[in-house]
Amino acid sequence: MNFDLVAFWIHIYNVPVRCMNDDCAMFCGQMLGDLEEVHVKDSCMHVRVKIDVTKPLHRGICCFIEEVDYEVSLLLKYERLPDFCFTCGIIGHQDRECVSTEATISRLQVQTVKRFGPCINAMERGSKSDVSENMEELQDHEEVQVLNGEQQSL
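Just so we're on the same page, our numbering is the position in the sequence shown counted from 1, plus 411.
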């Protein structure tokens with residue numbers, strides 16, 4: 412039995428209205444891991460995905476939408492996220508226990524900017540939150556996908 416794969420509900424924000432459907436939710440969910448379930452409701456997509464907890468979490472994904480010929484950054488938030496490292500993004504330890512090079516450097520410096528923060532935690536489904544403040548975090552795109560086309564990377 413593999414304990415490295417854990418299912419999480421992930422909220423996907425900033426999805427264009429044209430893409431608010433089950434097909435796009437399944438596409439995004441499959442980009443993140445093993446898709447289990449999809450819910451599209453109001454202005455947010457919810458996908459239940461098994462992700463590998465030995466790898467860093469995705470903060471967001473960047474998708475190119477062919478129908479309108481532009482790229483959109485999608486913000487991801489995880490429900491019931493356990494303790495994880497804000498420096499390396501891996502579940503199972505916190506910043507002070509991290510052995511990554513970035514963590515060692517950040518402990519030596521007074522002010523550092525971490526890749527992750529508490530805003531990656533989603534509120535329970537059904538409650539509303541203000542995600543517009545967190546969209547700036549997606550400036551460092553982790554992935555680029557082309558809807559209905561081929562995968563591209565930055």
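Heads up, the beta-carbon is just placed ideally off N, CA and C, and yes, glycines get one too.
| query | Using 8 Å as the limit for Cβ to Cβ distance, is E448 near chain C? | reply | Here there is only one protein chain, and chain C is not present.
| query | Short check: CB of V464 to CB of D415, under 8 Å? | reply | yes
| request: Reducing DSSP to helix, strand and coil, say where L443 ends up. | output: helix
| request: Using beta-carbon positions only, say whether L486 and H469 come within less than 8 Å of one another. | output: no
| field | Secondary structure, alpha helix (DSSP H): runs of 4+ residues fully inside the stretch 418-463 | value | 433-443
| query | Which residue's Cα is closest to the Cα of V426: N413, W420, D453, F419? | reply | D453
| said: So for I502, helix, strand or coil by DSSP? | reply: strand
| request: Quick one: grab the DSSP three-state call for C530. | output: helix
| query | What residue does the beta strand (DSSP E) around V483 start on, and which one ends it? | reply | 481-490
| query | Buried or exposed: which applies to V568, given that a residue is buried once 16 or more other Cβ atoms fall within 10 Å of its Cβ? | reply | The structure shown has nothing for residue 568, since the chain only spans 412 to 565.
| For C473, the first and last residue of its enclosing beta strand (DSSP E) | 471-476
| Taking DSSP as the reference, what is the three-state secondary structure of L565? | In this prediction, L565 scores a pLDDT of 33, lower than 50, which makes its location untrustworthy; the coordinate-derived value is nonetheless stated afterwards. Coil, per DSSP.
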